[in-house]
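Following the working numbering from start to finish, the sequence shown increments by one per residue and tops out at 123.
Cβ atoms here follow ideal geometry from the backbone N, Cα and C, with glycine treated the same way.
Here the structure is a predicted model, which is why all the values come from computation and not from measurement.
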Amino acid sequence: MAKKTIKAVVTINGEKYPLIFGFKFLNEINALPKENQQVDNLTLLIGGLIDGDPTALKNVLVASLITYEELEEKDIIDYLENSDEVDELFENFIGFLTSAPLLKKRVTRIKVGIEKMMKTVEEKAQTELEQAMTK
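Structure follows, in structure tokens:
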């Protein structure tokens, strides 16, 4: 059975808005205040999406809708606070980013790196737990 393709579209105030992951998106992401000088904003946001961080979701959604001048950030925040599509957005946003032509290579690398790091942390925690239990 073929995998269902999810369209990168949100409905805000009754209007459908395709999410756009172009240079304006990248400029918006890069303009965010740096939380960590050693990790770029895109990496932090992807980690946040994987972790279920609502602020990361808001930031990538605002950036992907930046080309629509009629939308204000408060409209997007209201949408996130009241929509029943938010869980789906968390589940699908990484897929949207990995299918965007400008981003797919970089996002895939970031995602793989984060997954490796998470696996290493889990393995270390398991080892420490096993060592603590044998004492």
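What is the residue span of the beta strand (DSSP E) that residue i lies within?
i    : result
Tyr5 : Glu3 to Pro6
Ile0 : Val(-3) to Ile0
Quick one: residues in its chain with C-beta nearer than 7 Å to the C-beta of residue i, no 5 flanking neighbours on either side, listed in chain order?
i        : result
Asn47    : Leu20 and Leu33
Ser52    : Leu7, Ile8, Phe9 and Phe13
Asn15    : none
Met105   : none
Ala88    : Phe9
Ala(-10) : Residue confidence for Ala(-10) is low, a pLDDT of 45 falling below 50, so the modelled location carries little weight and cannot support an answer.
Grab me the residues of residue i's own chain with a C-beta within less than 8 Å of its C-beta, minus the 5 sequence neighbours each way, in chain order.
i     : result
Asp96 : According to the sequence displayed, residue 96 carries Thr and not Asp. Once the five neighbours on either side are set aside, the close Cβ partners of Thr96 are Thr86.
Tyr5  : Val(-3), Val(-2), Thr(-1), Leu53, Tyr56 and Leu59
Arg94 : Leu30
What does the alpha-carbon distance come out to for the pair residue i and residue j?
i       : j      : result
Lys92   : Leu68  : 25 Å
Thr(-1) : Gln114 : 43 Å
Asn18   : Leu30  : 8 Å
Asp66   : Gln26  : 32 Å
Glu116  : Ile102 : 21 Å
Lys(-5) : Glu3   : 15 Å
Ala120  : Val109 : 16 Å
Lys123  : Asn24  : 38 Å
Mind checking which residues open and close the alpha helix (DSSP H) that includes residue i?
i      : result
Gly83  : Val74 to Ser87
Ile17  : Phe11 to Ala19
Val27  : Segment: none, Val27 is in no alpha helix (DSSP H) and carries neither H nor E.
Gly40  : Neither: Gly40 is in no alpha helix (DSSP H) and is coded neither H nor E.
Leu117 : Lys92 to Met121
For residue i, I'd like the list of residues in its chain whose CB is within less than 6 Å of its CB, leaving aside the five on either flank, ordered along the chain.
i     : result
Val50 : Glu61 and Ile64
Among the options, which has the Cα closest to the Cα of residue i?
i     : options                         : result
Ile82 : Val74, Leu37 and Ile54          : Leu37
Val74 : Asp28, Glu118, Val109 and Asp41 : Asp41
Leu45 : Lys107, Phe84, Glu118 and Phe78 : Phe78
Asn1  : Phe84, Asn70, Gly35 and Glu76   : Asn70
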